[in-house]
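K.L.:
Residue numbers (the working numbering): 115 to 268.
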């Protein structure tokens, strides 16, 4: 009897065409695997990474001075930013403040950043905050705003 794991690992042929596991669920060990074909194409990973970085770069403000978000009180994020989990943050509580900034940096759109982030507070929080965000988000922000990179190095 085969298991779902066997099917995912390609040990069992599906009985129905629509039962075929998604490409990302297959093992890439086979030279005929679609994953290995893509992985063997030079530049595919770099191109995907460049597109991912550009997604975040387009959201950035022209200057940190444009970020006039609150520095105290409670902030309620809309669902398009906080679509999973916590939506209300007390900025005066350090953990919640970090959670708010992390969420907005990852999920906020260009017009959201000035509403929910404060430039001075962002610079102040950056040495710790940069360890909580993904590498791509960190790189895009530090490449665009040298004061963040300088604050991280201090």
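Note that the Cβ used here is the ideal one computed from N, Cα and C, for glycine as well.
Going by C-alpha distance, which of 191, 187, 182 is nearest residue 220?
P.N.:
One-based indexing of the chain shown puts residue 220 at position 106. Shortest Cα-Cα distance from residue 220 to any of 191, 187, 182 involves 191.
K.L.:
Would you mind working out which of 189, 268, 175 sits nearest residue 227, comparing C-alpha positions?
P.N.:
Walking along the chain shown from the start, residue 227 turns up at place 113. Ranking 189, 268, 175 by Cα distance to residue 227 puts 175 first.
K.L.:
Note down, one range per segment and in chain order, each beta strand (DSSP E) of at least 3 residues found wholly within the stretch 171-255.
P.N.:
188-190, 202-204
K.L.:
DSSP on residue 160, reduced to helix/strand/coil?
P.N.:
Position 46 of the chain shown, counting from 1, holds the residue named residue 160. Here residue 160 sits in helix by DSSP.
K.L.:
Applying the criterion that 16 or more other CB atoms from any shown protein chain within 10 Å of the CB defines a buried residue, is residue 267 buried or exposed?
P.N.:
Counting from 1 along the chain shown, the entry for residue 267 is found at position 153. Exposed, by the Cβ-count rule.
K.L.:
Are the beta-carbon atoms belonging to residue 246 and residue 216 less than 7 Å from one another?
P.N.:
Reading the chain shown from its first residue, position 132 is the one you call residue 246. Reading the chain shown from its first residue, position 102 is the one you call residue 216. Yes, the Cβ-Cβ distance between residue 246 and residue 216 is below 7 Å.
K.L.:
Mapping the DSSP letters down to three states, classify residue 268 as helix, strand or coil.
P.N.:
Here residue 268 refers to the residue found at position 154 when the chain shown is read from its first residue. Residue 268 falls in the coil class under three-state DSSP.
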